[in-house]
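What follows is one structure encoded as structure tokens, with my remarks underneath.
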DNA sequence: GATGAATGAGCTTTCATTCAT
DNA sequence: CATGAATGAAAGCTCATTCAT
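Chains as they are written, first to last, in my numbering: chain A, 13 to 242; chain B, 13 to 242; chain C, 13 to 242; chain D, 13 to 242.
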């Protein structure tokens, strides 16, 4: 068996299993036996389980960042120094996200990885992503800034993360939600359907009116009546 | 040591550790040694690790569902059979969510737990929550339906989950995001600030225009140009 | 709940479970939960699991030894100093064995317990039985000795145990064997049937000719041809 | 350390310990520490404790069935279609049983396993033996049938099991009985001695006169006087 | 007299990793 | 280059027993 074969099969199998069960719940034994490679092959080729996780991630993020940079280059060239409209930015990102995954399930893997990267407080994954792939996000954020000049910086930061949450949560939990939706509405949803549904929502969210200034807490009593300071 | 003491200490410790690391990554040994109780105490009081996880959820969800039912009762009484506006529904929910956690950090813990419950595809947790706590969500969803009569049912379902993703992602990753925001915008964000920011976004998202009908995939080529069927 | 009630229920439950699964495979938890008594009740009433096991035995062996002594008294009185024939001794024993158990199945339970007591080599049970109930067996053995004067002592010892094996094995595995017999021969067997079948076999076995003296191993080659020294 | 070494040492050690204490009373920790192999080695090589037990068994039964088939082949060839006398069948079986074990104690293991296989009502072991090794016993039983044409089928079935009980009980409890015999009769008994003693007993038992027909229960009152219906 | 709570020891099994070949 | 064997650590869980009330 050629090396590339072994490595690829490990990655393919790991990707699917990670998406199905999570990282801790997926053992190397399960991966290697399903991939029909030797148990020691993961450690041999990747060094450790953690490195395998990052390799699974890299196989996604490397082409993504490359394509995304290229797509943003084209977009900037096309608009020739003028501001790029928000919806075009979002559509470009969506198109790139959808363009990358070659196999079934892997978009979900990607989203789940992103979700974990954010939610795990200790976060070796977050640092790893920030370090290796932070540039393209910074570039994208800057373009969004130019497209929404009226938004205060902090507000934009939060709204981008609100939307990141929407997308990651929806796509990483896709399987579960799809089950429920199918059961309740007899509707077969594809990722494309979801992205179509997401577009107007994300645009509307980004363009929502600014919140009231919080001049005095007392004025918002019905909303925050029982909340404690956290 | 009184029973309630041991049980409470296990729950308190487990809650924090689960939220920090996830369920699989948190061993009973870690929980019990940190809680300074005997290792066998978890199995004695809860029966299994799985049952402990559900007990951690129950401690949040039981008072939540109770309060939420009460709050919805009051809201319905106040509106006397007429349709309750969407923003009042959302504010009621937000107020209830904020009212439940009694200790510091626990809103974040709760949200992180909810996020985990959704993202674990095999989902004994999801089934458990659906079974034991589904009623109040069904009731809430029905009220939202009356408040948004123009939305198709499926669309409403997805938008509610989009917003659920926004809220869960933001609040569960609060610590990490707070760090970044503070670093970049020198802004101290509280949960209240976030909720204030969330309100117009959520309302706008729910009221966003309907997506274009997907009559023909070819028509949306700039959006889906490179995507494969998933 | 009266004490006797608790004690009796523990004994009743333990007896059945021990017979079904063996001693080590039956936990106090299983016993107490099935008997619907407190987990600590066994230790409270009996002191330890080992003591419970012995109590289960005592409940059978105490009345057995008492009745057996009485029956042997009567037999000796009836024969007035003369030798008691072997078949009368055996029938007396059989009758006593059958007379003891009061409930359904409990003869089988008793036999299974006896079998366990013998087969467990470390044998605190064997010592316990020997110590507390050895007398009546010694008395019986002596009477058998008088009834079979031609048998060397060692030979008699072994043949008695051979027959003990026959009886214990057959009666303790009664359920399984009954299934097979019923399936193959469409025959409903009762304990009485078995005892009827056992009688001529046991008598013939006890009266079998003495084995050849083992003067030289080479003379018995067809029998021991391939055996090693053990 | 070569694989065969580790596997063999585990089997050798397990065999002895199982025979000494039983299965449930023998922990993998005890086995592996005594065999001086890693605790995980049992699960690595055998998969589970249950599989180890069956492997211990198989190491005995595989050569036994093979040899026994061969020996019966030879016996049939020698008698050229004519009926094989009972004592030759029994001696052939005894010789095969004794020929197999390579190490000390393993005959006892074998017998104890057989005893357990029969006495455990739920019986995963009995099913396993029946499935994998039933053929040779069926063949043997048929030859015994031809050798004892005068015996009713049911009677033969029961007598074979009576004798099976004798053999299993005696040999599986050998250690205990040996202790007693040594103490009482100052006699060193070997397995060979026992087999020599067993031969005439078994033959006599198989050839014992048929029991009285049970025409009327009342006629056997002295035998069953005190017995209840079971 | 009886029990719910608690405990320390030990169980089988699985883990990621390493090693010798 | 690759792998079967092996390993130390740790996992979840069950055990008989004890203790405070």
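The beta-carbon is built from N, C-alpha and C at its ideal position, and this holds for glycine as well.
Would you check if the distance between the CB atom of residue 176 (chain C) and the CB atom of residue 181 (chain D) is smaller than 9 Å?
Position 164 of the third chain holds residue 176 (chain C). Position 169 of the fourth chain holds residue 181 (chain D). A contact, by the Cβ cut-off of 9 Å.
Quick one: is residue 92 (chain B) near chain A, going by C-beta distance under 9 Å?
In the second chain, residue 92 (chain B) corresponds to position 80, counting from 1. No, its Cβ sits nowhere closer than 9 Å to a Cβ of chain A.
Between the region 151–176 of chain C and chain D, which residues of the former have CB atoms less than 8 Å from a CB of the latter, in chain order?
Residues of the region 151–176 of chain C that bring their beta carbon within less than 8 Å of a beta carbon in chain D comprise 165, 166, 167, 169, 170, 171, 173, 174, 175 and 176, in sequence order.
Assess, as a yes-or-no matter, whether the region 139–149 of chain B is touched by the region 64–81 of chain B under the definition of 3 or more beta carbon pairs within less than 8 Å.
With a cut-off of 8 Å on Cβ pairs, the region 64–81 of chain B is in contact with the region 139–149 of chain B, counting three or more such pairs.
What are the boundary residues of the alpha helix (DSSP H) that includes residue 55 (chain A)?
As a working note, residue 55 (chain A) is residue 43 in the first chain. Note, residue 55 (chain A): alpha helix (DSSP H), 53–58.
Can you check whether the C-beta of residue 144 (chain B) is within less than 9 Å of a C-beta belonging to chain A?
In the second chain, counting from the first residue as 1, residue 144 (chain B) sits at position 132. Not an interface residue.
Kindly give me the distance between the Cβ atoms of residue 193 (chain B) and residue 201 (chain B), rounded to whole angstroms, as I take these residues to be in contact under 8 Å.
For the purposes of this step, residue 193 (chain B) is taken as residue 181 along the second chain, with counting starting at 1. For the purposes of this step, residue 201 (chain B) is taken as residue 189 along the second chain, with counting starting at 1. Rounded, the Cβ-Cβ distance is 6 Å, consistent with contact.
Are the region 74–87 of chain B and the region 45–52 of chain B in contact at 8 Å, needing three or more beta carbon pairs?
No, the region 74–87 of chain B does not touch the region 45–52 of chain B.
Taking all protein chains shown into account, do 16 or more other C-beta atoms lie within 10 angstroms of the C-beta of residue 184 (chain B), making it buried, or fewer, making it exposed?
Taking the second chain and counting its residues from 1, the one referred to as residue 184 (chain B) is at position 172. Burial call: buried.
Output, in chain order, the set of chain C residues within a Cβ distance shorter than 8 Å of residue 197 (chain D).
Numbered from 1 along the fourth chain, position 185 holds the residue referred to as residue 197 (chain D). Per Cβ cutoff of 8 Å: 165, 166 and 169.
Starting from residue 130 (chain A), find everything on chain B with Cβ-Cβ shorter than 9 Å and list it in chain order.
Walking along the first chain from the start, residue 130 (chain A) turns up at place 118. Going along chain B in sequence order, the residues near residue 130 (chain A) (Cβ under 9 Å) are 181, 184, 185, 188 and 189.
Rank B:101, B:211, B:215 and B:94 by C-alpha distance to the C-alpha of residue 225 (chain A) and give the top, closest one.
By one-based count along the first chain, residue 225 (chain A) stands at place 213. Nearest option by C-alpha distance: B:211.
What's the gap between the Cα of residue 80 (chain B) and the Cα of residue 148 (chain B)?
Position 68 of the second chain, counted from the first residue, corresponds to residue 80 (chain B). Position 136 of the second chain, counted from the first residue, corresponds to residue 148 (chain B). So the two alpha carbons sit approximately 7 Å from each other.
Three-state class that DSSP yields for residue 78 (chain D) in the structure shown
As a working note, residue 78 (chain D) is residue 66 in the fourth chain. Three-state result, residue 78 (chain D): helix.
Whole angstroms are fine: how far does the CA of residue 20 (chain B) sit from the CA of residue 41 (chain B)?
Here the question's residue 41 (chain B) lines up with position 29 in the second chain. Here the question's residue 20 (chain B) lines up with position 8 in the second chain. Computed Cα separation, rounded: 17 Å.
With a Cβ-Cβ cutoff of 9 Å, do residue 33 (chain B) and residue 223 (chain A) count as a contact?
The count along the second chain starts at 1 and reaches residue 33 (chain B) at position 21. The count along the first chain starts at 1 and reaches residue 223 (chain A) at position 211. Using a Cβ distance threshold of 9 Å, residue 33 (chain B) and residue 223 (chain A) do not count as a contacting pair.
Nearest CA to the CA of residue 97 (chain B): which residue from B:157, B:189 and B:198?
Residue numbering aside, residue 97 (chain B) sits at position 85 when the second chain is read from its first letter. It is B:157.
Excluding five sequence neighbours on each side, which residues of the same chain lie with their C-beta closer than 6 Å to the C-beta of residue 83 (chain B)?
Position 71 of the second chain, counting from 1, holds the residue named residue 83 (chain B). 104 and 108, listed in sequence order.
Taking 9 Å as the CB-CB cut-off, is residue 30 (chain B) touching chain A?
Walking along the second chain from the start, residue 30 (chain B) turns up at place 18. So no, residue 30 (chain B) is outside the interface.
Residue-chain proximity (residue 18 (chain C), chain D), Cβ-Cβ < 9 Å:
Within the third chain, residue 18 (chain C) is the residue found at index 6, counting from 1. Cβ-Cβ to chain D under 9 Å: no for residue 18 (chain C).
Any idea if residue 173 (chain C) is buried or exposed, counting beta-carbon neighbours within 10 angstroms, 16 or more meaning buried?
Locating residue 173 (chain C) in the third chain gives position 161, counting from the first residue. The residue in question, residue 173 (chain C), is buried, as its Cβ has 16 or more Cβ neighbours within 10 Å.
Taking C-beta pairs closer than 7 Å, name the residues in chain B that residue 37 (chain A) reaches, listed in chain order.
Counting from 1 along the first chain, the entry for residue 37 (chain A) is found at position 25. Identification of chain B residues near residue 37 (chain A) by a Cβ-Cβ cut-off of 7 Å yields 36, ordered along the chain.
Minimum Cβ-Cβ distance from residue 98 (chain A) to chain B less than 9 Å:
For the purposes of this step, residue 98 (chain A) is taken as the residue at position 86 of the first chain. No Cβ of chain B is located within less than 9 Å of the beta carbon of residue 98 (chain A).
Limits of the unbroken alpha helix (DSSP H) element including residue 43 (chain D):
Within the fourth chain, numbered from 1, the residue matching residue 43 (chain D) stands at position 31. Per DSSP, residue 43 (chain D) is one residue of the alpha helix (DSSP H) stretching across 40–47.
Say the cut is 8 Å; is the CB of residue 45 (chain C) nearer than that to a heavy atom of the ligand FAD?
Ligands in the displayed structure: none, and consequently the ligand FAD is not present.
Which runs of the beta strand (DSSP E) spanning at least 3 residues fall entirely within the region 145–216 of chain A, listed in chain order?
Those beta strand (DSSP E) runs which fall completely within the region 145–216 of chain A and span 3+ residues do not exist here.
Give the straight-line distance between the Cα atoms of residue 119 (chain D) and residue 220 (chain D), rounded to the nearest whole angstrom.
Walking along the fourth chain from the start, residue 119 (chain D) turns up at place 107. Walking along the fourth chain from the start, residue 220 (chain D) turns up at place 208. Going by the C-alpha atoms only, they are around 28 Å apart.
Could you spell out where the alpha helix (DSSP H) holding residue 99 (chain B) opens and where it closes?
As a first step, residue 99 (chain B) must be located in the second chain, where it is residue number 87. Taken as a continuous stretch (DSSP letters only), the alpha helix (DSSP H) holding residue 99 (chain B) covers 98–111.
Taking 9 Å as the cut-off, decide whether the C-beta atoms of residue 206 (chain D) and residue 170 (chain C) are in contact.
Numbered from its first residue, the fourth chain carries residue 206 (chain D) at position 194. Numbered from its first residue, the third chain carries residue 170 (chain C) at position 158. Cβ atoms of residue 206 (chain D) and residue 170 (chain C): closer than 9 Å.
Taking 9 Å as the threshold (C-beta atoms), are residue 66 (chain D) and residue 137 (chain D) in contact?
As a working note, residue 137 (chain D) is residue 125 in the fourth chain. As a working note, residue 66 (chain D) is residue 54 in the fourth chain. Going by C-beta atoms, residue 137 (chain D) is nearer than 9 Å to residue 66 (chain D).
Kindly give me the distance between the Cβ atoms of residue 178 (chain C) and residue 168 (chain C), rounded to whole angstroms, as I take these residues to be in contact under 8 Å.
Mapped onto the third chain, residue 178 (chain C) falls at position 166. Mapped onto the third chain, residue 168 (chain C) falls at position 156. About 16 Å separates the two Cβ atoms, so there is no contact after all.
Looking at C-alpha atoms only, which residue of B:152, B:112, B:197 and B:56 is the closest neighbour of residue 88 (chain B)?
The residue you call residue 88 (chain B) lines up with position 76 of the second chain. Taking only the C-alpha atoms, the option nearest residue 88 (chain B) is B:152.
Determine the contact status of residue 217 (chain D) and residue 213 (chain C), defining contact as a CB-CB distance below 9 Å.
For this step, residue 217 (chain D) is matched to residue 205 along the fourth chain. For this step, residue 213 (chain C) is matched to residue 201 along the third chain. With contacts defined as CB atoms closer than 9 Å, residue 217 (chain D) and residue 213 (chain C) qualify as a contacting pair.
Backbone CA spacing between residue 191 (chain C) and residue 93 (chain D) [nearest angstrom]
As a working mapping, residue 191 (chain C) is identified with position 179 in the third chain. As a working mapping, residue 93 (chain D) is identified with position 81 in the fourth chain. Looking at the two C-alpha atoms, the distance is approximately 33 Å.
Short of 8 Å in beta carbon distance, which residues of its chain neighbour residue 215 (chain A), apart from the five on each side in sequence? Order them along the chain.
Residue numbering aside, residue 215 (chain A) sits at position 203 when the first chain is read from its first letter. Within its own chain, the residues whose Cβ lies closer than 8 Å to the Cβ of residue 215 (chain A), once the five positions on either side in sequence are excluded, are 98, 99 and 102, listed in chain order.
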